[in-house]
Amino acid sequence: MEELSFVGKSVPRKDGMEKATGRALYTVDMVLPGMLWGKILRSPYPHAKILNIDTSRAQRLPGVKAVITGKDTLGIKHGFVETPRYPPDQYPLAMDRVRYIGEEVAAVAAIDEYIAEEALSLIKVDYEELPAVFDPEEAMRPDAPEIHPSHPKVREPYKNIGGKTETGWGDIEKGFAESYLVREDRFEGQLRTHCYMEPQATLASYDLSGRLNVWTSSQGPFIKRAKLATTLGLPFSNVRVLKAYVGGAYGGKIDLFSHEFCASLLSIKTGRPVKIVWTRQEVFEAS
0 MEELSFVGKS VPRKDGMEKA TGRALYTVDM VLPGMLWGKI LRSPYPHAKI
50 LNIDTSRAQR LPGVKAVITG KDTLGIKHGF VETPRYPPDQ YPLAMDRVRY
100 IGEEVAAVAA IDEYIAEEAL SLIKVDYEEL PAVFDPEEAM RPDAPEIHPS
150 HPKVREPYKN IGGKTETGWG DIEKGFAESY LVREDRFEGQ LRTHCYMEPQ
200 ATLASYDLSG RLNVWTSSQG PFIKRAKLAT TLGLPFSNVR VLKAYVGGAY
250 GGKIDLFSHE FCASLLSIKT GRPVKIVWTR QEVFEAS
């Protein structure tokens with residue numbers, strides 16, 4: 000053991016001192032000169048058509064610098080693990096319908112959080128409620144309400160399957176027939192959340208040279224960079240995603256979230272840095 004360099008020896012963490020002394024910088028801690036605060040308006044319905052969004056009162060509120068909706072975006076979808084088997088299905092901001100409680104409908108940037116929050120209350124959205132599904136087995140029925148009408152049908156006649164992976168090993172039926180014991184059962188689980196200490200947080204800054212810098216609590220900076228460039232219509236070379244210390248993630252901060260898109264677009268619209276930090280309720284609703 001004496002001859003080994005590391006095995007059996009205490010190796011101090013490189014980030015241990017910074018975290019223990021409070022010097023470690025997380026995205027929620029960051030502030031830039033001239034920074035605005037962003038907030039997101041979310042759907043109160045699990046499934047509904049968006050008939051109209053009136054942002055005029057919010058835009059007139061003193062201290063509000065920008066308001067955006069789906070009409071301000073390029074209408075490009077993104078999704079988790081995008082492959083031909085799993086086509087993208089998520090707009091950065093809802094376009095013509097919402098498909099879950101908490102889906103992003105509009106976003107504002109203001110000089111402080113309180114004004115941004117007040118501005119959200121002034122946005123009027125007219126919805127037409129649609130039939131919703133709350134059970135995965137009911138959602139798979141051929142006659143179930145269709146949540147993503149434009150999504151490619153990956154398994155006819157079912158409408159609500161996002162993607163599929165088919166795999167197999169050997170002759171399954173033969174294996175069952177030769178088994179000493181075969182047990183068939185049904186297992187049901189409950190909804191879960193990663194419940195990390197630091198909520199989703201991002202700070203975006205678009206400069207006069209056309210470059211976008213995004214600091215975000217993330218596990219997948221290169222995934223986010225690629226999807227931000229695509230959904231915003233920017234050259235990849237003009238987008239930089241920087242990862243600060245992350246206050247917990249557990250797999251829940253890999254892909255692009257709409258707050259990162261919204262902060263970026265609001266910064267482009269205003270020419271000022273924009274920061275968005277989710278509340279704990281938003282983490283439970285929308286992550």
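Here the sequence shown is numbered in numbering that gives the first Met the number 0, starting from 0 and rising by one per residue.
The beta carbon of each residue, even a glycine, is placed where N, CA and C say it ideally should be.
These numbers were taken from a predicted model, which means no experiment stands behind them.
Going by C-alpha to C-alpha distance, which of the options sits closest to residue i?
i, options, result
"K274", "V10, E103 and V27", "V27"
"E284", "F260, T201 and F256", "F256"
"A47", "R96, S4, Y157 and W168", "R96"
"E281", "E103, Q89 and S4", "E103"
"L227", "K152, G78 and T278", "G78"
"I67", "I75, K76, T54 and G74", "T54"
"P43", "P32, A105, T20 and Y90", "A105"
"K152", "D88, S286, K70 and E128", "D88"
"A93", "R56, Y85 and I52", "I52"
"S266", "V276, L202, R239 and T278", "L202"
"T269", "G209, P198, E128 and K173", "G209"
"D111", "I146, P148 and K64", "K64"
"I222", "K252, D184, L24 and R191", "K252"
"Y113", "A57, P148, P234 and G74", "A57"
"A118", "V107, A143 and V124", "V107"
"P198", "S120, L207 and S216", "S216"
Would you say residue i touches the ligand GTP, meaning its beta carbon is less than 6 Å from a heavy atom?
i, result
"V276", "The ligand GTP is not part of the structure shown, which contains no ligands of any sort."
Just the Cα atoms here: how many angstroms apart are residue i and residue j?
i, j, result
"G62", "I100", "28 Å"
"H193", "Y249", "6 Å"
"W36", "A109", "5 Å"
"P156", "R140", "9 Å"
"L295", "W214", "Nothing can be reported for residue 295: it is not among the residues displayed for the chain, which extend from 0 to 286."
"P45", "A131", "6 Å"
"R22", "L50", "48 Å"
"A200", "E187", "32 Å"
"R98", "V181", "40 Å"
"Y195", "Q218", "13 Å"
"E137", "I160", "12 Å"
"D170", "Y179", "16 Å"
"Y205", "N212", "6 Å"
"V245", "T20", "16 Å"
"G232", "R224", "12 Å"
Which of the three DSSP states is assigned to residue i in this structure?
i, result
"H147", "coil"
"R96", "strand"
"D88", "coil"
"G251", "coil"
"R154", "coil"
"A131", "coil"
"K123", "strand"
"K70", "helix"
"E102", "coil"
How would you call residue i, buried or exposed, if buried means at least 16 neighbouring beta carbons within 10 angstroms?
i, result
"P11", "exposed"
"F260", "buried"
"P272", "buried"
"R59", "exposed"
"W168", "exposed"
"E17", "exposed"
| message | Going residue by residue through the region 197 to 283, where are the continuous alpha helix (DSSP H) segments of at least 4 residues, counting only ones entirely within it? | response | 220 to 231 and 257 to 269
| Which runs of the alpha helix (DSSP H) spanning at least 4 residues fall entirely within the region 9 to 56, listed in chain order? | 15 to 20
| message | I'd like the ranges of any alpha helix (DSSP H) spanning at least 4 consecutive residues and lying wholly in the region 170 to 199. | response | 171 to 177
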